[in-house]
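Chemist: In terms of the working numbering, the sequence shown opens at residue 1 and continues consecutively.
Positions of the beta carbon are idealized from the N, C-alpha and C atoms, including for glycine.
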Amino acid sequence: KLALDMLIAFIFTVALIFGSIGLGRLVLKKVELQSLPDFDRGLFYIAFGFATINFILLFIGLFGQLNVLSVSIVYTLVACVTLIQFPVGVSTVKRYFVQFRELDLKNAWFLLLIPLMILIVLNLVGSLAPPSVADALRHHLAASQYYARTGAFEFIPILFWNVPGFLHITYVTEILLINDIAPAVTHFAFSLLSTLAIFALGRRLIDWKVGLLAAVIFYSLPMSIELSVSPMVEMCAVFFVILGLYSLCNA
1 KLALDMLIAF
11 IFTVALIFGS
21 IGLGRLVLKK
31 VELQSLPDFD
41 RGLFYIAFGF
51 ATINFILLFI
61 GLFGQLNVLS
71 VSIVYTLVAC
81 VTLIQFPVGV
91 STVKRYFVQF
101 RELDLKNAWF
111 LLLIPLMILI
121 VLNLVGSLAP
131 PSVADALRHH
141 LAASQYYART
151 GAFEFIPILF
161 WNVPGFLHIT
171 YVTEILLIND
181 IAPAVTHFAF
191 SLLSTLAIFA
201 LGRRLIDWKV
211 GLLAAVIFYS
221 LPMSIELSVS
231 PMVEMCAVFF
241 VILGLYSLCN
251 A
């Protein structure tokens, strides 16, 4: 059963990312992002799509209607929006595949991907393990479980609990629909997205080599490793901050 819970948590997180891309593309349809590379544009789709989902869930929770049915309806609508744009997604993946085949993998800079991939695999395994960080247990998961039990985002007169954190909203829905492993996997996913955002920023400002080096340095930091495997909120904040810096540098 534990293995099945891990698999379900992983699949849900992947689906959440793709759903965010689909919804984000719809939200940003009127915004001029065509000057950005496909990869960078995809990161902004994820950010805006994920934010839209969470703001909808936040308002549902503020009205005390956060339950399995309401959350299921929201995610079903997101899935429908994403599936409608499936042909566009397929063409984008084909374009990525063609670009990947054109890469010169003999370049020595690509050796940096080896330690990065090792860390990613280890952190994924760590995110599937039971959480052990005190802050995750007594705050991030505890608050999310309380909100899931009450079905509302109530004011709680406890420091740090008086309002839900942005990623807590997602954790609540995962506890309601999936299991308590999914929050850690979601935070792991945002550690990857933050690393990709740093790569995109470095490539935009200087070149891809600087972006790759910056991404590897960031992901190999002890603090990044510790946070990547726990259901915290910092990596989500890093992702949005880096995209904010990206936007400022291209204003």
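Whole angstroms is fine: what's the gap from residue 141's alpha carbon to residue 65's?
Modeler: Position 141 of the sequence shown, counted from the start, is the residue given in the question as residue 141. Position 65 of the sequence shown, counted from the start, is the residue given in the question as residue 65. In a straight line, the C-alpha of residue 141 is about 20 Å away from that of residue 65.
Chemist: Taking its Cβ as the centre, do 16 or more other Cβ atoms sit within 10 Å of residue 38, making it buried, or is it exposed?
Modeler: The residue given as residue 38 occupies position 38 in the sequence shown. When all chains shown are included, residue 38 counts as exposed.
Chemist: Can you list the beta strand (DSSP E) stretches of 3 or more residues lying completely in the stretch 70-135, in chain order?
Modeler: none
Chemist: Would you report the Cα separation of residue 207 and residue 3, rounded to the nearest angstrom?
Modeler: In the sequence shown, residue 207 corresponds to position 207, counting from 1. In the sequence shown, residue 3 corresponds to position 3, counting from 1. C-alpha separation (whole angstroms): 41 Å.
Chemist: In this structure, does DSSP put residue 207 in helix, strand or coil?
Modeler: Walking along the sequence shown from the start, residue 207 turns up at place 207. If DSSP states are grouped into helix, strand and coil, residue 207 belongs with coil.
Chemist: What runs of the alpha helix (DSSP H), each 4 residues or longer, lie entirely inside the stretch 158-237?
Modeler: Annotation: the stretch 158-237 contains the following complete segments of the alpha helix (DSSP H) (minimum length 4 residues), in chain order: 166-177, 182-205, 208-220, 222-228.
Chemist: Taking residue 204 as the reference, give the member of 232, 246, 68, 78 with the closest Cα.
Modeler: Position 204 of the sequence shown, counted from the first residue, corresponds to residue 204. The residue with the shortest Cα to Cα distance from residue 204 is 246.
Chemist: Could you tell me the alpha carbon to alpha carbon distance between residue 88 and residue 138, rounded to whole angstroms?
Modeler: For the purposes of this step, residue 88 is taken as the residue at position 88 of the sequence shown. For the purposes of this step, residue 138 is taken as the residue at position 138 of the sequence shown. Using only the alpha carbons, I get a separation of about 43 Å.
Chemist: What is the DSSP secondary structure of residue 35, counted as helix, strand or coil?
Modeler: Looking up residue 35 in the sequence shown gives position 35. Three-state DSSP puts residue 35 in coil, outside helix and strand.
Chemist: Expressed to the nearest angstrom, what Euclidean distance is found between the alpha-carbon atoms of residue 7 and residue 175?
Modeler: Position 7 of the sequence shown, counted from the first residue, corresponds to residue 7. Position 175 of the sequence shown, counted from the first residue, corresponds to residue 175. One C-alpha to the other measures close to 15 Å.
Chemist: To the nearest angstrom, report how far apart residue 71 and residue 56 are at their CA atoms.
Modeler: Walking along the sequence shown from the start, residue 71 turns up at place 71. Walking along the sequence shown from the start, residue 56 turns up at place 56. The straight-line gap from Cα to Cα measures roughly 10 Å.
Chemist: Using only CA atoms, which one of 44, 67, 115, 84 lies nearest to residue 213?
Modeler: Counting from one through the sequence shown, the residue named residue 213 turns up at place 213. Looking at the Cα atoms, 115 is the closest of the given residues.
Chemist: Looking at the secondary structure, which residues open and close the alpha helix (DSSP H) in which residue 17 lies?
Modeler: Within the sequence shown, numbered from 1, the residue matching residue 17 stands at position 17. Looking at the DSSP string, the run of the alpha helix (DSSP H) that includes residue 17 is 2-27.
Chemist: Quick check: the Cα distance between residue 155 and residue 49, rounded to an integer number of angstroms?
Modeler: Numbered from its first residue, the sequence shown carries residue 155 at position 155. Numbered from its first residue, the sequence shown carries residue 49 at position 49. Approximately 27 Å between the Cα atoms of the pair.
Chemist: For a test of the three-state rule: what should DSSP assign to residue 153, helix, strand or coil?
Modeler: Translated into the one-based positions of the sequence shown, residue 153 becomes position 153. It is coil, neither helix nor strand.
Chemist: May I have the straight-line CA-CA distance separating residue 47 from residue 107, to the nearest angstrom?
Modeler: Locating residue 47 in the sequence shown gives position 47, counting from the first residue. Locating residue 107 in the sequence shown gives position 107, counting from the first residue. Approximately 31 Å between the Cα atoms of the pair.
Chemist: Taking 8 Å as the cut-off, does the stretch 180-195 touch the stretch 12-21 (at least 3 CB pairs, one atom from each stretch)?
Modeler: yes
Chemist: Report back the beta-carbon spacing between residue 5 and residue 179 to the nearest angstrom; my notes put them in contact at under 8 Å.
Modeler: Taking the sequence shown and counting its residues from 1, the one referred to as residue 5 is at position 5. Taking the sequence shown and counting its residues from 1, the one referred to as residue 179 is at position 179. Confirmed, Cβ separation roughly 5 Å.
Chemist: On the three-pair Cβ rule with 8 Å, is the stretch 143-152 touching the stretch 191-202?
Modeler: no
Chemist: Determine the burial state of residue 95: buried for a count of at least 16 other Cβ atoms within 10 Å of its Cβ, exposed for fewer.
Modeler: Taking the sequence shown and counting its residues from 1, one reaches residue 95 at position 95. It counts as exposed.
Chemist: If we call anything under 9 Å between Cβ atoms a contact, is residue 166 one with residue 194?
Modeler: By one-based count along the sequence shown, residue 166 stands at place 166. By one-based count along the sequence shown, residue 194 stands at place 194. The answer is no: Cβ separation not under 9 Å.
Chemist: According to DSSP, simplified to helix, strand and coil, what is residue 65?
Modeler: In the sequence shown, counting from the first residue as 1, residue 65 sits at position 65. In this structure, residue 65 counts as coil in the three-state DSSP scheme.
Chemist: I think residue 53 touches residue 23, with their Cβ atoms under 8 Å apart; what is that distance to the nearest whole Å?
Modeler: The residue you call residue 53 lines up with position 53 of the sequence shown. The residue you call residue 23 lines up with position 23 of the sequence shown. With a Cβ gap of about 7 Å, residue 53 and residue 23 count as contacting.
Chemist: Spatial neighbours of residue 210 within its chain, please: CB distance less than 8 Å, with the 5 preceding and 5 following residues excluded, ordered by chain position.
Modeler: Locating residue 210 in the sequence shown gives position 210, counting from the first residue. Cβ within range, chain order: 202, 203.
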